[in-house]
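In terms of our numbering, the sequence shown opens at residue 53 and continues consecutively. This report concerns only the one structure given below.
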Amino acid sequence: MDWLKNSKINQNSGGFVEPGISGGENDAFVSVANETTEEQDDVLDEKQKEINLEIETSRKEREEKDKTSEDQLIVIHGAKIKFNAHLGEFKVLNDVPTTQDKLTGTIVEKQIPNFTFYDGFQMLSLTQWMDFGTVKVQENEVLIKKSKLPGIGKMPGNIPPENGQIEFIDSGQINVPESIDTKGAPLPEEKVDA
Numbered sequence: 053m054d055w056l057k058n059s060k061i062n063q064n065s066g067g068f069v070e071p072g073i074s075g076g077e078n079d080a081f082v083s084v085a086n087e088t089t090e091e092q093d094d095v096l097d098e099k100q101k102e103i104n105l106e107i108e109t110s111r112k113e114r115e116e117k118d119k120t121s122e123d124q125l126i127v128i129h130g131a132k133i134k135f136n137a138h139l140g141e142f143k144v145l146n147d148v149p150t151t152q153d154k155l156t157g158t159i160v161e162k163q164i165p166n167f168t169f170y171d172g173f174q175m176l177s178l179t180q181w182m183d184f185g186t187v188k189v190q191e192n193e194v195l196i197k198k199s200k201l202p203g204i205g206k207m208p209g210n211i212p213p214e215n216g217q218i219e220f221i222d223s224g225q226i227n228v229p230e231s232i233d234t235k236g237a238p239l240p241e242e243k244v245d246a
């Protein structure tokens, strides 16, 4: 610890002064130390950029994979829909088995009452479902998030009809439990502010 007692910090140059080194030699020591630090910072910045690029690439791959698997989710009662700019809700009217305690959508759900739009938009005619799933529920293929239903609809009043297709914004499924039974579960410790 003697070396620590004998050392001094030079307040003017911000550098470390060795005992017995004059001011001019100390300035050279400080500038060399600063250059080394700057080079190290540059190397660290480049490594950080490489790491960030790898993270961003893996994030994009994961999002693409999630999007693909999300498009395959089975549509259930209450799924959000859109027809051009009109948003609404899908309703399953047939008695079919449930998914997450809600009725499962199948290709027979193509009646006008199956689609309720929030702005009063009404469907006039519908064709056949496209891009539905291969799984069958009661002998009918299930609807999946990427399913589409071409049709014609219009707003009430003297407004011309619109052509388009009904698309699902979400499948109606949730991946968060609606209720959690916490009986017997340990409670987190409360932090008391003093």
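Beta carbons are placed, not taken as given, at the ideal position from N, Cα and C, and that holds for glycine.
Put simply, of ILE107, PRO213 and LEU145 the residue whose alpha carbon is nearest the alpha carbon of PHE173 is PRO213. Remark: fewer than three beta-carbon pairs, one from each stretch, lie closer than 8 Å, so the segment 220 to 229 and the segment 176 to 193 are not flagged as touching.
Looking at the DSSP output, GLU141 shares a beta bridge with LYS132 and THR168. In this structure, PHE142 lies away from GLY205, with their beta-carbon atoms at least 8 Å apart. Put simply, the segment 116 to 125 does not touch the segment 155 to 174. Fewer than three CB pairs are less than 8 Å apart. By the C-beta density criterion, LYS197 is buried, having at least 16 other C-beta atoms within 10 angstroms.
Shown here, LEU201 sits in a strand according to DSSP, grouped into three states.
Between GLY140 and PHE167 a beta carbon distance of about 6 Å is seen, short of the 8 Å cut, so the two are scored as contacting.
Sequence-distant partners of ASN215 (beyond 5 residues in either direction) whose C-beta falls short of 6 Å from its own C-beta, in its chain, are ILE204. Rounded to whole angstroms, THR234 and ARG111 show a C-alpha spacing of 34 Å. Under the three-state reduction of DSSP output, ILE211 falls in the coil class, being neither helix nor strand. Excluding its 5 nearest sequence neighbours in each direction, ILE128 has C-beta neighbours in its own chain below 8 Å: VAL144, THR150, THR151, GLN152, LYS154, LEU155, THR156, GLY157, SER223, GLY224 and GLN225, listed in chain order. For ILE221, the closest of ASP147, SER231, LEU195 and LEU105 by C-alpha to C-alpha distance is LEU195. The three-state secondary structure of GLN124, taken from DSSP, is coil.
When the beta-carbon positions are compared, SER199 and MET175 stay at least 8 Å from each other. One alpha carbon belongs to ILE103, the other to ASP97, and they sit about 10 Å apart. In the DSSP annotation of this structure, LEU195 is not part of any beta strand (DSSP E), being labelled neither H nor E.
When rounded, the separation of the alpha-carbon atoms in LYS117 and ASN210 is 45 Å.
Per DSSP, MET182 lies in no beta strand (DSSP E) segment and is marked neither H nor E.
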